[in-house]
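K.L.:
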Amino acid sequence: MKKLLIIGAGGLGREVAQYVKDINQIKPSFELLGFIDSDPDKKNICFDNVPVLGDFNELKDQLNSVEPIYGFCAVAKPEIKRRLVQKMEDYKIQSVNIIHPASYVSPQVKIGKGVLISPYCTLTTNIIIGDYVHINPQSGIGHDSRIGAFSTLYWSVNISGNVTVEEGVEIGSKAFVKQGLTIEKNAVIGAGAVVVHSVKEGKIVVGVPAKEL
Ligand SMILES: CC(C)(COP(=O)(O)OP(=O)(O)OC[C@H]1O[C@@H](n2cnc3c(N)ncnc32)[C@H](O)[C@@H]1OP(=O)(O)O)[C@@H](O)C(=O)NCCC(=O)NCCS
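When you read off a place in the sequence shown, starting at 1, and then add 1, the result is the number in the working numbering.
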């Protein structure tokens, strides 16, 4: 059993806590210690019996123990994820993947570290998922696609085949990306967008068909 901390006691963190319990039901894998969160108002509160332990610096002694401590960064925004992952590394917290047992991930999918694959996602063949990518429920990724590190796909995102999503991209709920396109780094795709052209670095696109905001 890996001793596990969830970084962030927000909505996503609480979802991840439940996914961890679901994983443990099938194969006991994690001892869920609690959440790390910098919000002093949340300290010592329990969410479904999982306590908020405090910020990183308040857990120094526990984190310096000889036993390895594992963590999962459960904050969706790529720029915040980057910052928190750096802190995890500073405190020698090792990242784990949370892959919900109710998702379909074919054996031809290569997955980095710190990755979330939520319930009812489908990832088919020859796909690469970079480090710290979050894939929220009911999303699908088609053959030969790549998702770059720190990117987040919100609910019900549909990525067709041969799509390249670079680093730090956010893709809103119910968005669709047509086959063969490239979404360059740090771009944002609005909820419900239908993306039929590649998107340049840092651009925000919305609508059907998607246009720059
Ligand atoms: C695209 C997005 C990032 C823009 O956010 P923003 O920069 O804060 O933009 P604003 O909310 O100020 O809206 C700016 C304009 O874009 C429009 N707009 C915003 N999001 C839109 C979307 N998804 N589709 C179409 N138009 C959109 C607004 O109506 C507004 O138009 P107006 O100026 O004519 O009134 C955001 O709206 C979005 O869709 N994010 C994804 C959210 C999501 O999927 N969350 C899931 C959480 S689980």
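By construction, the Cβ of each residue, glycine as well, lies at the ideal position given by its N, Cα and C atoms.
Computed from a predicted structure; not experimentally measured.
Could you tell me whether the region 174-191 touches the region 156-166, where touching means 3 or more Cβ pairs closer than 8 Å?
P.N.:
Touching, per the Cβ criterion.
K.L.:
What does a CB cutoff of less than 7 Å around L33 pick up in its chain, not counting 5 residues either side in sequence?
P.N.:
Locating residue 33 in the sequence shown gives position 32, where the first residue counts as 1. Contacts found: L5, A18, V21, V51.
K.L.:
Reducing DSSP to helix, strand and coil, say where P79 ends up.
P.N.:
Here residue 79 is taken as the residue at index 78 of the sequence shown, counted from 1. P79 falls in the helix class under three-state DSSP.
K.L.:
Cα separation between G14 and D62?
P.N.:
Residue mapping note: residue 14 aligns to position 13 of the sequence shown, counting from 1. Residue mapping note: residue 62 aligns to position 61 of the sequence shown, counting from 1. Approximately 23 Å between the Cα atoms of the pair.
K.L.:
Could you compute how far the alpha carbon of E16 sits from the alpha carbon of N187?
P.N.:
As a position in the sequence shown, residue 16 is number 15, starting the count at 1. As a position in the sequence shown, residue 187 is number 186, starting the count at 1. Cα to Cα, the separation comes out at about 25 Å.
K.L.:
Compute the Euclidean distance between the alpha carbons of D91 and L85, then round it to the nearest angstrom.
P.N.:
One-based indexing of the sequence shown puts residue 91 at position 90. One-based indexing of the sequence shown puts residue 85 at position 84. Computed Cα separation, rounded: 10 Å.
K.L.:
Can you tell which of I190, E185, E168 has the C-alpha that lies nearest to the C-alpha of F177?
P.N.:
On the sequence shown, residue 177 is found 176 positions in, with the first residue counted as 1. When only C-alpha atoms are compared, the closest one is I190.
K.L.:
Starting from the N-terminal side, write out each stretch of the beta strand (DSSP E) that is 3 residues or longer and does not extend beyond the region 4-55.
P.N.:
Complete beta strand (DSSP E) runs here, min 3: 31-37, 51-55.
K.L.:
If I'm right that F57 touches G115 with Cβ under 8 Å, what's the distance once you round it to whole angstroms?
P.N.:
As a first step, residue 57 is located in the sequence shown; it is residue number 56 there, counting from the start. As a first step, residue 115 is located in the sequence shown; it is residue number 114 there, counting from the start. The Cβ separation is near 16 Å, so there is no contact.
K.L.:
Of the residues H101, G143, S30, S107, which one's Cα is nearest the Cα of Y71?
P.N.:
Taking the sequence shown and counting its residues from 1, the one referred to as residue 71 is at position 70. For Y71, the nearest C-alpha among the options comes from S30.
K.L.:
Rounded to whole angstroms, what's the CA-CA distance from V106 to D23? Just pull it up for me.
P.N.:
To locate residue 106, count along the sequence shown from 1; it is residue 105. To locate residue 23, count along the sequence shown from 1; it is residue 22. Approximately 17 Å, taken between the alpha carbons.
K.L.:
Buried or exposed for K28, please, with buried defined as at least 16 other CB atoms from any protein chain shown within 10 angstroms of its CB.
P.N.:
The residue labelled residue 28 in the question sits at position 27 within the sequence shown. Its Cβ having fewer than 16 others within 10 Å, K28 is exposed.
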